[in-house]
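**Q** So the sequence shown is numbered by the working numbering: it starts at 5 and just counts up by one. All C-beta atoms, glycine included, are put in the ideal place defined by N, C-alpha and C. These figures come from a predicted structure and were not determined experimentally. Provided herewith is a single structure, encoded as structure tokens, for subsequent inquiry.
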Amino acid sequence: MEKTRQQELTRWLKQQSVLSRRWLNISRLLGLISGLLIVAQAWLLARILNHMIMENIPREALLLPFIVLVLIFVLRAWVVWLRERVGFHAGQHIRYEIRRQVLDRLHDAGPAWIQGKPAGSWATLILEQIDDMHDYYARYLPQMALAVCVPLLIVAIIFPSNWVAALILLCTAPLIPLFMAMVGMGAADANRRNFLALGRLSGHFLDRLRGMETLRIFGRGEAETENIRLASQDFRQRTMEVLRLAFLSSGVLEFFTSLSIALVAVYFGFSYLGALDFGHYGTAVTLSAGFLALILAPEFFQPLRDLGTFYHAKAQAVGAADSLKIFLETPLAHPERGEVTLNAKEPVSVEATDFSILSPEGNVLAGPLNFTLSAGQRVVLVGISGSGKSSLLNALSGFMAYTGSLRINKTELRDLDPEAWHKQLSWVGQNPQLPAPTLRENVLLARPDAREDELQSVLDRAWVSEFLPLLPQGVDTVVGDQAAGLSVGQAQRIAVARALLNPCQLLLLDEPAASLDAHSEQRVMQALNAASLQQTTLMVTHQLEGITDWDQIWVMENGHIVEQGDYATLSAAQGPFATLLANRQEDI
């Protein structure tokens with residue numbers, strides 16, 4: 005990673021700290037209080053030892069200073085604990101806000117953008133990468149201020165009693181962050197490569213896991229297992245590279261810390277022997293001054309050591325921020341949002357004029373389109389894969405930006421309130437998504453308050469009741485993750501029941517019978533054909549059987565509607581639809 009890019013990402017990370025500025029300031033304040041308590045306990049301990057050794061003061065006379073010293077130890081421990089709690093809260097709050105920004109961005113980008121990357125990659129971005137920023141905000145960022153304030157405070161305490169000891173500490177301290185920075189520059193780049201490898205591994209593993217049955221059927225099980233092993237090996241090597249740099253950083257820190265403390269100890273040793281006679285302002289060097297300097301010398305470097313310990317957190321955060329910043333700042337063509345609400349009981353009509361659909365990046369996916377979908381009309385949209393059919397459904401759902409005009413009941417779609425518009429839609433896709441734990445909860449997803457008789461009605465209409473007695477707990481059966489406990493046909497019927505339960509004015513169907521067995525296809529299409537008579541319906545399909553009684557058939561090619569008409573007219577016209585029909589019959 006280039007140095008300028010690292011600096012840019014570091015600035016971005018610091019900008020996010022304003023999300024929890026108050027808690028970070030409290031953490032810094034508690035760290036400074038802890039530093040003051042360190043100085044107080046060192047001064048008291050040095051005085052007690054000087055009184056006992058040099059002045060032979062009885063132990064009983066030192067009882068009060070000793071009690072105060074113990075209280076300071078306890079108070080400092082409590083301050084350190086409180087600072088950890090405050091720092092954790094700061095990191096937690098910032099992670100929550102950044103994760104909310106990412107989820108809002110995904111919501112704005114819409115399904116088309118999300119489906120462009122594997123689910124494992126999104127999981128890495130939303131979970132691991134954001135979580136790996138925690139220590140940067142909870143520990144590293146507050147420690148940056150303390151690494152300056154606390155050492156200066158300690159030097160200010162040591163300097164009046166012995167300027168040589170203070171000077172030794174001041175001269176060696178800058179070497180630590182200098183060498184730490186040199187090592188850390190490579191650590192940030194290593195972490196970035198590590199996150200890229202983790203994202204690839206997550207997506208690769210999840211996709212292969214979902215397609216394991218297909219891979220085994222085609223004899224690719226062992227080959228894909230080897231690919232996963234190689235990806236895991238690559239991730240292991242990158243992780244060890246990060247750890248190697250972290251240990252190297254720790255070694256540099258400990259070397260200079262030990263060297264500085266040793267120099268201070270040697271200086272005072274020779275001073276007590278009379279070999280050195282400078283640094284104590286012309287007076288005799290006292291045991292108290294030596295104890296104070298030697299006790300505070302490790303504490304002088306402790307904030308720098310803590311900063312070094314947390315420095316890998318910065319490198320980790322910079323690596324995680326790379327793809328996060330790109331994702332959050334990539335210009336997207338957002339669907340415009342309005343505030344107009346349509347009458348929920350009025351049938352929906354759609355009119356498009358010079359209507360072009362834009363991808364999240366702003367590229368034209370389909371169009372210009374000109375069509376009219378009348379209220380209550382049933383239209384089938386056909387065409388080869390990639391012709392723009394699903395993009396049209398996404399645009400009608402309000403998930404994609406567009407140019408030109410798309411009017412819903414004579415109101416521009418971009419002027420409608422998205423949430424109110426979505427309540428007038430119902431949708432069934434080719435891959436049923438059942439996120440809730442039980443069958444009942446999945447059907448009631450859009451209407452949790454539906455009555456039991458309404459639930460039973462849609463279960464009957466969608467032919468879910470046909471296989472319901474076979475399930476161990478009936479409608480309350482746990483369907484499992486990704487509907488693992490159901491066949492594809494059963495899951496699709498549940499999705500159809502969910503759509504039927506949600507009263508709508510526009511029903512959108514995206515290849516609802518794709519990948520179904522003949523029996524399930526018959527049941528699903530029977531339910532949807534009956535449901536399509538109750539509102540305006542637009543169905544995308546590659547299966548041209550059973551659409552003879554639909555009102556209109558639209559044929560799409562290369563993002564344009566090239567043919568419109570009823571089944572009888574188009575099949576006799578020797579146009580694009582007739583060609584699709586002939587190819588379909590040959591396939592059969």
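Helix or strand or just coil, what does DSSP make of Phe-272?
**A** Along the sequence shown, one-based indexing puts residue 272 at 268. Looking at Phe-272 - three-state DSSP - the assignment turns out to be helix.
**Q** According to DSSP, simplified to helix, strand and coil, what is Val-289?
**A** Residue 289 sits at position 285 when you count from the first residue of the sequence shown. It is coil, neither helix nor strand.
**Q** Would you mind working out which of Leu-41, Asp-555, Arg-497 and Leu-438 sits nearest Trp-467, comparing C-alpha positions?
**A** One-based indexing of the sequence shown puts residue 467 at position 463. Cα-wise, what sits closest to Trp-467 is Arg-497.
**Q** Give the range of the beta strand (DSSP E) segment to which Leu-511 is assigned.
**A** Taking the first residue of the sequence shown as position 1, residue 511 is located at position 507. Under the DSSP assignment, Leu-511 falls in the beta strand (DSSP E) whose first and last residues are 510-514.
**Q** I'd like to know if the segment 22-31 and the segment 254-269 are in contact, where contact means that at least 3 CB-CB pairs between them fall below 8 Å.
**A** Counting Cβ pairs under 8 Å, fewer than three are found: no touch.
**Q** On the three-state DSSP scale, how would you describe Pro-126?
**A** As a position in the sequence shown, residue 126 is number 122, starting the count at 1. It should be pointed out that residue 126 corresponds to Trp in this sequence rather than to Pro. Helix.
**Q** When you compare the segment 307-319 with the segment 379-394, are there three or more beta-carbon pairs, one atom per stretch, that lie closer than 8 Å?
**A** no
**Q** Excluding five sequence neighbours on each side, which residues of the same chain lie with their C-beta closer than 6 Å to the C-beta of His-546?
**A** Here the question's residue 546 lines up with position 542 in the sequence shown. None.
**Q** Excluding the 5 residues preceding and the 5 following Thr-345 in the sequence, name in chain order all residues of the same chain whose CB lies nearer than 6 Å to its CB.
**A** Within the sequence shown, residue 345 is the residue found at index 341, counting from 1. Cβ within range, chain order: Asp-421 and Ala-424.
**Q** Are the segment 443-451 and the segment 358-369 touching by the rule of at least three beta carbon pairs closer than 8 Å?
**A** no
**Q** Cα separation between Phe-471 and Gly-550?
**A** To locate residue 471, count along the sequence shown from 1; it is residue 467. To locate residue 550, count along the sequence shown from 1; it is residue 546. Phe-471 and Gly-550 have their C-alpha atoms some 24 Å from each other.
**Q** Put Glu-458 into one of helix, strand or coil per three-state DSSP.
**A** For the purposes of this step, residue 458 is taken as residue 454 along the sequence shown, with counting starting at 1. Correct three-state label for Glu-458: helix.
**Q** Classify Gly-278: buried if its beta carbon has 16 or more other beta carbons within 10 angstroms, exposed otherwise.
**A** Translated into positions along the sequence shown, residue 278 becomes position 274. By the 10 Å Cβ count, Gly-278 comes out exposed.
**Q** Going by beta-carbon coordinates alone, are Arg-465 and Ala-576 separated by less than 8 Å?
**A** Here residue 465 refers to the residue found at position 461 of the sequence shown. Here residue 576 refers to the residue found at position 572 of the sequence shown. No, they are not a contact pair.
**Q** Just verifying my parser: in three-state terms, what is the DSSP assignment at Asp-358?
**A** For this step, residue 358 is matched to residue 354 along the sequence shown. Three-state result, Asp-358: strand.
**Q** Could you please give the first and the last residue of the uninterrupted alpha helix (DSSP H) stretch that includes His-97?
**A** Numbered from its first residue, the sequence shown carries residue 97 at position 93. 67-113 is the span of the alpha helix (DSSP H), which, as asked, contains His-97.
**Q** Within the same chain, show all residues whose beta-carbon is closer than 6 Å to that of Thr-552, passing over the 5 residues directly before and after it, in chain order.
**A** One-based indexing of the sequence shown puts residue 552 at position 548. Cβ neighbours of Thr-552 beyond the five flanking positions: Tyr-571.
**Q** Nearest by alpha-carbon distance to Phe-274: which of Pro-473, Glu-226 and Thr-290 is it?
**A** On the sequence shown, residue 274 is found 270 positions in, with the first residue counted as 1. Closest by alpha carbon: Thr-290.
**Q** List the endpoints of the continuous beta strand (DSSP E) containing His-564.
**A** Taking the first residue of the sequence shown as position 1, residue 564 is located at position 560. Unbroken beta strand (DSSP E) run through His-564: 564-569.
**Q** In the DSSP assignment, find the unbroken beta strand (DSSP E) run with Ser-165 in it and report its ends.
**A** Working through the sequence shown from its first residue, we reach residue 165 at position 161. Looking at the DSSP string, Ser-165 is not in any beta strand (DSSP E), and its letter there is neither H nor E.
**Q** So, at 7 Å on beta carbons, what are the nonlocal neighbours of Ile-412 in its own chain, with the 5 sequence-adjacent residues on each side left out?
**A** Position 408 of the sequence shown, counting from 1, holds the residue named residue 412. Cβ neighbours of Ile-412 beyond the five flanking positions: Leu-346, Val-352, Val-354 and Leu-420.
**Q** What residues in its chain sit with their C-beta under 8 Å from that of Val-106, if we drop five residues either side in the sequence?
**A** By one-based count along the sequence shown, residue 106 stands at place 102. Closer than 8 Å at Cβ, skipping near neighbours: Leu-129, Ile-130, Ile-134, Leu-328, Phe-331 and Leu-332.
**Q** Following a CB-centred definition, is Glu-515 positioned closer than 7 Å to any heavy atom of the ligand SAM?
**A** Of ligands this structure carries none, so the ligand SAM is not represented either.
**Q** Does Ser-519 come within less than 8 Å of chain D when only Cβ atoms are used?
**A** Reference to chain D is not applicable here, since this structure consists of a single protein chain.
**Q** Specify, as a first and last residue, the run of the beta strand (DSSP E) that Ser-31 falls within.
**A** On the sequence shown, residue 31 is found 27 positions in, with the first residue counted as 1. No beta strand (DSSP E) holds Ser-31; the alpha helix (DSSP H) holding it covers 25-57.
**Q** Can you look up Met-560 in the DSSP assignment and give me helix, strand or coil?
**A** Residue mapping note: residue 560 aligns to position 556 of the sequence shown, counting from 1. Three-state result, Met-560: strand.
**Q** Give me the residue from Val-168, Val-544, Ser-360 and Ala-321 with the minimum Cα distance to Met-137.
**A** Against the sequence shown, residue 137 aligns to sequence position 133. The option with the nearest alpha carbon to Met-137 is Ala-321.
**Q** Please report the distance separating the alpha-carbon of Ser-165 from that of Leu-73.
**A** Reading the sequence shown from its first residue, position 161 is the one you call residue 165. Reading the sequence shown from its first residue, position 69 is the one you call residue 73. For Ser-165 and Leu-73, the distance between alpha carbons rounds to 21 Å.
**Q** Nearest-angstrom Cα distance between Arg-32 and Leu-150?
**A** Position 28 of the sequence shown holds residue 32. Position 146 of the sequence shown holds residue 150. Answer to the nearest angstrom: the Cα atoms are 7 Å apart.
**Q** Going by CA-CA distance only, name the one from Gln-437, Phe-282, Gln-381 and Leu-40 that's closest to Thr-540.
**A** Taking the first residue of the sequence shown as 1, we reach residue 540 at position 536. The shortest C-alpha separation from Thr-540 is found at Gln-381.
**Q** Assuming the contact rule is C-beta atoms closer than 8 Å, Arg-143 and Ala-317 should be a hit. Round their C-beta distance to whole Å, please.
**A** On the sequence shown, residue 143 is found 139 positions in, with the first residue counted as 1. On the sequence shown, residue 317 is found 313 positions in, with the first residue counted as 1. Right, their Cβ atoms sit about 6 Å apart.
**Q** I'd like to confirm the pairing. Which residues does DSSP put opposite Val-482 in its beta bridges?
**A** Working through the sequence shown from its first residue, we reach residue 482 at position 478. DSSP, once it has assigned bridges, lists Thr-442 as partnering Val-482.
**Q** I'd like to check one pair, Ala-531 with Glu-525: are the Cβ atoms closer than 8 Å?
**A** By 1-based counting over the sequence shown, the position of residue 525 is 521. By 1-based counting over the sequence shown, the position of residue 531 is 527. No; because the gap between Cβ atoms is not below 8 Å, this pair is not in contact.
**Q** Going by beta-carbon coordinates alone, are Phe-359 and Ser-409 separated by less than 8 Å?
**A** One-based indexing of the sequence shown puts residue 359 at position 355. One-based indexing of the sequence shown puts residue 409 at position 405. Contact: yes.
**Q** The alpha helix (DSSP H) with Asn-533 in it runs from where to where?
**A** Translated into the one-based positions of the sequence shown, residue 533 becomes position 529. Start and end: 522-536.
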